[in-house]
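**Q** Every letter in the sequence shown is one number past the one before it in the working numbering, and letter 215, counting from 1, is 215.
All C-beta atoms in this analysis are idealised placements derived from N, C-alpha and C, irrespective of residue type, glycine included.
This is the structure I have questions about; it appears just below.
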Amino acid sequence: MGTFEELADGLAAALDEAAEGIREALRSQNRPQKYLANRVADASPSLVSRWLSGSRQLADRNRLPGADAMRDIAAALQLPAERARALIALGGAVDDLRKRLEAEERGWRTRAADHHSRRTAPPEPPPPASPTAAPTVEEPAPRRSVPLLTAAVAAGAVGVIAFLGGMLTGRTWAPDPPVPGVTVQPEAQGSGDRCSPWTDAGGGVELEACVRVRDSRMLIRSRLRGPVGTRTDMVVQAYDTFLEKPVTKELKCHRMHITAEGQIQTCGWHEIRPPYGSEYAARAGWRPAGQGLFDGAVLSTGLRW
């Protein structure tokens, strides 16, 4: 059967590969993700968005993209037969792993999400020397590679293994681009900055997300304000507004502490290496310090590179 953790790791990997396969197909046809919303049975724009979030949807309560959904997606995108078979086989693996986890225990999804969050979370940085010390900014840990299926669940998953070998697109998925170093710029908003309005992100916290181009460099940042005593972690990443997907890893700032009324904590500016030919925005989020997943996403206005 495999342990609960092995099954959860396999499902997380399958969901990530499924999301990447769907995104690649949409990208190759220059279609937005909402194209699928009216072409997949019982789907909606928000459900398709969750499917494209990969393993992160373990923390949600949406219907997972199984074989039936993959069959509809393959038909909607008119994928070649080989790619369609691989995508449908991957959906079958999602169905199989979901059923095995459901048989393990009730509430399996919360446990699987917690396990995946711990597995992929970066190590906590050391505490700052003093309450006024500059916040620690860390680059995210590299993507961890986990086997899609353990030997105990490999039977009947030949299509999934073929997919992981590059069957769906005829190549191996390209790795995430390296995250460049962090460049800290003045906090004042400049005339060329594209920022969101200050937005309620829950828990009494407000967020602002900004993107800018300076001296042929693209930079992103997030800012946060809230009640005195608030302790938070912050995250910001670049976001493709056409494909509706992140284009960098999450850049995080830990243990931000609001110590005075009206105080603003800043994460960035972070210099990123943007792709060319589309419009990019900054997407910001937060969580209570050291607790759970990042939430309260706020999107800046877009900027062309």
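Grab me the residues of Thr150's own chain with a C-beta within less than 7 Å of its C-beta, minus the 5 sequence neighbours each way, in chain order.
**A** Annotation note: pLDDT 38 at Thr150 (below 50); position unreliable, coordinate value reported separately. Closer than 7 Å at the Cβ level, and outside the excluded window around Thr150, lie Gly2, Glu6 and Gly10.
**Q** Buried or exposed for Thr248, please, with buried defined as at least 16 other CB atoms from any protein chain shown within 10 angstroms of its CB.
**A** Classification for Thr248: buried.
**Q** Touching or not, the region 12-22 and the region 36-54, by the rule of three or more beta carbon pairs under 8 Å?
**A** The region 12-22 vs the region 36-54: in contact.
**Q** Determine which residues share a DSSP beta bridge with Arg119 and list them.
**A** Partner(s): none; Arg119 has no beta bridge.
**Q** Report back the beta-carbon spacing between Leu47 and Arg61 to the nearest angstrom; my notes put them in contact at under 8 Å.
**A** Rounded, the Cβ-Cβ distance is 11 Å, inconsistent with contact.
**Q** For my contact list, Ile73 and Ile22 are in at a C-beta cut-off of 8 Å; report their separation, rounded to the angstrom.
**A** Ile73 to Ile22, Cβ: 6 Å. Contact.
**Q** Suppose contacts are defined by Cβ-Cβ distances below 8 Å. Is Arg221 in contact with Trp269 by that definition?
**A** Cβ distance < 8 Å, so Arg221 and Trp269 count as in contact.
**Q** In terms of alpha-carbon separation, which member of Arg50, Ala289 and Leu251 lies closest to Ile358?
**A** Because residue 358 is not part of the residues shown, which for the chain are 1 to 305, the question remains open.
**Q** Going by DSSP, what residue range makes up the alpha helix (DSSP H) through Glu5?
**A** Element bounds for Glu5: Phe4 to Ser28.
**Q** Over the uninterrupted alpha helix (DSSP H) stretch that includes Leu58, give me the two end residues.
**A** Here Leu58 belongs to no alpha helix (DSSP H), and DSSP marks it neither H nor E.
**Q** Could you tell me which uninterrupted beta strand (DSSP E) segments, each at least 3 residues in length, are contained entirely in the region 237-304, listed from first to last along the chain?
**A** Entirely contained in the region 237-304, the beta strand (DSSP E) runs reaching 3 residues are, in chain order, 251-257, 264-272, 279-288 and 295-299.
**Q** Any idea which residues DSSP pairs Ser331 with across the strands?
**A** Nothing can be reported for residue 331: it is not among the residues displayed for the chain, which extend from 1 to 305.
**Q** Mind checking which residues open and close the alpha helix (DSSP H) that includes Ala84?
**A** Note, Ala84: alpha helix (DSSP H), Ala81 to Glu104.
**Q** Three-state secondary structure (DSSP) at Val228?
**A** The answer is coil: DSSP assigns Val228 none of H, G, I, E or B.
**Q** Alpha carbon to alpha carbon, how far is Leu79 from Gln29?
**A** Going by the C-alpha atoms only, they are around 10 Å apart.
**Q** Name the one or two DSSP bridge partners that Asp68 has.
**A** The partner list for Asp68 (beta bridge, DSSP) is empty, contrary to what the question assumes.
**Q** Of all the options Ala238, Ala37 and Cys210, which has the alpha carbon lying nearest to the alpha carbon of Ser278?
**A** Of Ala238, Ala37 and Cys210, the residue nearest in Cα terms is Ala238.
**Q** Grab me the residues of Ala76's own chain with a C-beta within less than 8 Å of its C-beta, minus the 5 sequence neighbours each way, in chain order.
**A** Once the five neighbours on either side are set aside, the close Cβ partners of Ala76 are Tyr35, Leu36, Arg39 and Val40.
**Q** Considering only DSSP beta bridges, list what Arg214 is partnered with.
**A** For Arg214, which the question treats as bridged, DSSP gives the partners Arg217.
**Q** In the DSSP assignment, find the alpha helix (DSSP H) that holds Leu47 and state where it starts and stops.
**A** That run of the alpha helix (DSSP H) goes Pro45 to Trp51.
**Q** Could you tell me which of Pro65, Arg212 and Pro32 sits nearest to Asp42, measuring between CA atoms?
**A** It is Pro65 whose Cα lies nearest to the Cα of Asp42.
**Q** Cα separation between Ala209 and Ala103?
**A** Near 42 Å, if we compare the C-alpha coordinates of Ala103 and Ala209.
**Q** What residues in its chain sit with their C-beta under 6 Å from that of Ile264, if we drop five residues either side in the sequence?
**A** So the list reads Arg223 and Arg225, once near-sequence residues are dropped.
**Q** How big is the Cα-Cα spacing for Gly292 and Arg217?
**A** Approximately 33 Å, taken between the alpha carbons.
**Q** According to the Cβ coordinates, are Thr301 and Ala281 closer than 8 Å?
**A** For Thr301 and Ala281, yes; Cβs fall inside 8 Å.
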